[in-house]
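Asker: Numbering (my numbering), first residue to last: 444 to 999.
Next comes the structure, spelled out in structure tokens:
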């Protein structure tokens, strides 16, 4: 039986995104002010801080200014400052700049950032303040008290297992990291938050979380490129290639430093067509004449993908339980009208820190000692912003004119709309069956020799994704017969199309009549979690691979 070393802390942050980094920094600031000596640790599954951080990103600086009032004089990594907003409607061949940009998307003066670089910078700040940072360590499972009601920490994943799960010569067992309070900030569809929801009723009375999957590229352009000649450097699109009344989604282009741009596209995972290929949708977006003008003579130098939890206010789980808090997008904190979440994530971490200091000082880290966190969030500017967008994602999920009627009503009523507390359907339940399932799914042909237009496998390479091949597969298909007998017939195995990394591959029978199973190319995995969300049979579970594996983002 494997023995696990145990290390104890006052507070353990799981996940090194903006929520937990802001939380750890604020906790150390408050501890210093109050004369408290706290042992604080932060673990992240990426090989280094920021390695798994990816976002657009135009950042509302309100939370950063609260955390570091002089952040602009401390080397904060800004790519550009937004000088103008461009909001475009795209048809298949034309583009129309709309005369009005929704108020939530007014970004002039906001910094355009690389979230990967921001997290590295924040990690350095946290470490300098005394936070013990451990990169390359995942939270594999929660540690519970004997009665199963109190979170006592996490166990990190074993290292050095072969593909059968047997220890190799370099085997290192996971470590039990115990804490008075564990703060879960894993991002969207966090595996520990998911397991917590199975153990405790934290999602009772909430609508299902709704998600979008975004693909982002950093493209190197020549000098004097398209955006340098415009009065805007922050561009958002709606329309082509998804249209206005079907699957929700849209694109963005942000100017970065050194003649680079961030370009991306988001697709709602509430889509109904099992033939939809998220990555091909992204590439079709790049074929639009406006986008071709922007990326002309460019070269993709980095790419990545990530799911985002977008339903917001009515899908937020119970944020506190005995020994645990949830922060950031792991808690569904996101402003869909603004297409932003970094500032909300940071504010949640900072409010969690205030709660932690009070709870630890009072000697009460059970649920009742931590409940004030939710009240602090609700009473803050972050709560007000979340309430304004409380029905937005649900309205987007509607089709036809109803979508725009609901959105217009919400826009003029501060989020209330025609019906407050709009219901939602889980993204796993929205696909319509296709008949026959093995019909040829039309593929769009893309240029093969254009460095601004890359295929899935090249995109995986450009993400820096690495996984040790001789380890247990971290993606679990619970029943291959379900794939063969039901999913192929009903949906044509949509995992082979919604995955942006080509992880899933159908293995066909020699006679061409159906499939024998799904092959998993798990080393391609971008950790976007789309499969865990969208699989119509809930037959796929994403778990953490060996710590340090996965993407190695530097500019995303």
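Don't be surprised by glycine CBs; every beta carbon is placed ideally from N, CA and C.
For clarity, every value in this text was computed on a predicted model and none was experimentally measured.
1) Can you give me the Cβ contacts of residue 918 inside the same chain, cut-off strictly under 8 Å, excluding the 5 residues immediately before and after it?
2) Looking at the structure shown, is residue 554 part of a helix, part of a strand, or coil, going by DSSP?
3) Do you know offhand how far residue 473's Cα is from residue 800's?
4) Under 8 Å, with one C-beta from each stretch per pair, do the region 454-468 and the region 759-774 reach the 3-pair mark?
5) Which class does residue 982 belong to by DSSP, given the choice of helix, strand or coil?
6) So which of 674, 658, 665 and 714 has the shortest CA-CA distance to residue 749?
7) Using a 10 Å radius around the Cβ and a threshold of 16 neighbouring Cβ atoms, would you call residue 617 buried or exposed?
8) Tell me, which residues are paired with residue 660 by DSSP?
9) Below 7 Å CB to CB, which residues in the same chain sit around residue 610 once its five sequence neighbours on both sides are set aside?
10) Can residue 530 and residue 731 be called in contact, C-beta distance under 7 Å?
11) Mapping the DSSP letters down to three states, classify residue 778 as helix, strand or coil.
12) Under a Cβ-count criterion, where at least 16 other Cβ atoms within 10 Å of its own Cβ denotes burial, should residue 868 be classed as buried or exposed?
13) How is the alpha helix (DSSP H) around residue 540 delimited, first residue to last?
14) Assuming residue 564 and residue 518 make a contact with CB atoms under 8 Å, what is their CB distance in whole Å?
15) Do residue 792 and residue 466 come within 7 Å of each other at the CB atom, strictly closer than that value?
16) Below 7 Å CB to CB, which residues in the same chain sit around residue 960 once its five sequence neighbours on both sides are set aside?
17) Give a yes or no on contact between the region 885-901 and the region 711-729, applying the rule of three or more CB pairs nearer than 8 Å.
18) Taking a contact to mean a Cβ-Cβ separation below 7 Å, would you say residue 763 touches residue 794 in this structure?
19) For residue 836, which residues of its own chain have a beta-carbon under 6 Å away from its beta-carbon, when the five flanking residues on both sides are left out?
20) In three-state terms, what does DSSP make of residue 865?
21) For a quick check, are the C-beta atoms of residue 622 and residue 454 less than 7 Å apart?
22) Excluding five sequence neighbours on each side, which residues of the same chain lie with their C-beta closer than 8 Å to the C-beta of residue 995?
23) Kindly indicate the opening and closing residues of the alpha helix (DSSP H) around residue 598.
24) Taking buried to mean at least 16 other C-beta atoms within 10 Å of its own C-beta, is residue 691 buried or exposed?
25) If you reduce the DSSP assignment to three classes, tell me which class residue 851 lands in.
26) Can you tell which of 992, 978 and 953 has the C-alpha that lies nearest to the C-alpha of residue 934?
27) Roughly how many angstroms lie between the CA atoms of residue 669 and residue 833, to the nearest whole one?
28) May I have the straight-line CA-CA distance separating residue 533 from residue 584, to the nearest angstrom?
29) What number of angstroms, rounded off, separates the C-alpha of residue 881 from the C-alpha of residue 639?
30) Should residue 484 be labelled buried (16 or more other beta-carbon atoms within 10 Å of its own) or exposed?
31) Give me the Cα-Cα distance between residue 948 and residue 590, rounded to the nearest whole angstrom.
32) Quick one: residues in its chain with C-beta nearer than 7 Å to the C-beta of residue 606, no 5 flanking neighbours on either side, listed in chain order?
33) Can you have a look at residue 777 and say buried or exposed, based on whether 16 or more other CB atoms are within 10 angstroms of its CB?
34) Going by the DSSP bridge assignment, what does residue 523 pair with across the sheet?
35) Closer than 7 Å by C-beta to residue 939: which residues in its own chain qualify, once you throw out the five before and the five after it? Chain order, please.
36) Could you pull out every residue in the same chain whose Cβ sits closer than 6 Å to the Cβ of residue 740, ignoring the five residues on either side in sequence?
Answerer: In terms of the structure at hand:
1) 946, 963, 965, 968, 974, 983, 984, 985 and 986
2) strand
3) 7 Å
4) yes
5) coil
6) 658
7) buried
8) 706 and 746
9) 603 and 604
10) no
11) strand
12) exposed
13) Not the alpha helix (DSSP H): residue 540 falls in the beta strand (DSSP E), residues 538-540.
14) 7 Å
15) yes
16) 923, 926, 927 and 950
17) yes
18) no
19) 653, 753, 754 and 779
20) coil
21) yes
22) 489, 490, 491, 494, 906, 907, 908 and 909
23) That residue, residue 598, is in no alpha helix (DSSP H); its beta strand (DSSP E) goes 594-599.
24) buried
25) helix
26) 978
27) 36 Å
28) 45 Å
29) Its pLDDT being 45, under 50, residue 881 is placed unreliably by the model, and the measurement read from it follows with that caveat. Each residue's Cα considered, the two are about 38 Å apart.
30) buried
31) 42 Å
32) 913, 914 and 915
33) buried
34) 555
35) 947, 948 and 949
36) 665
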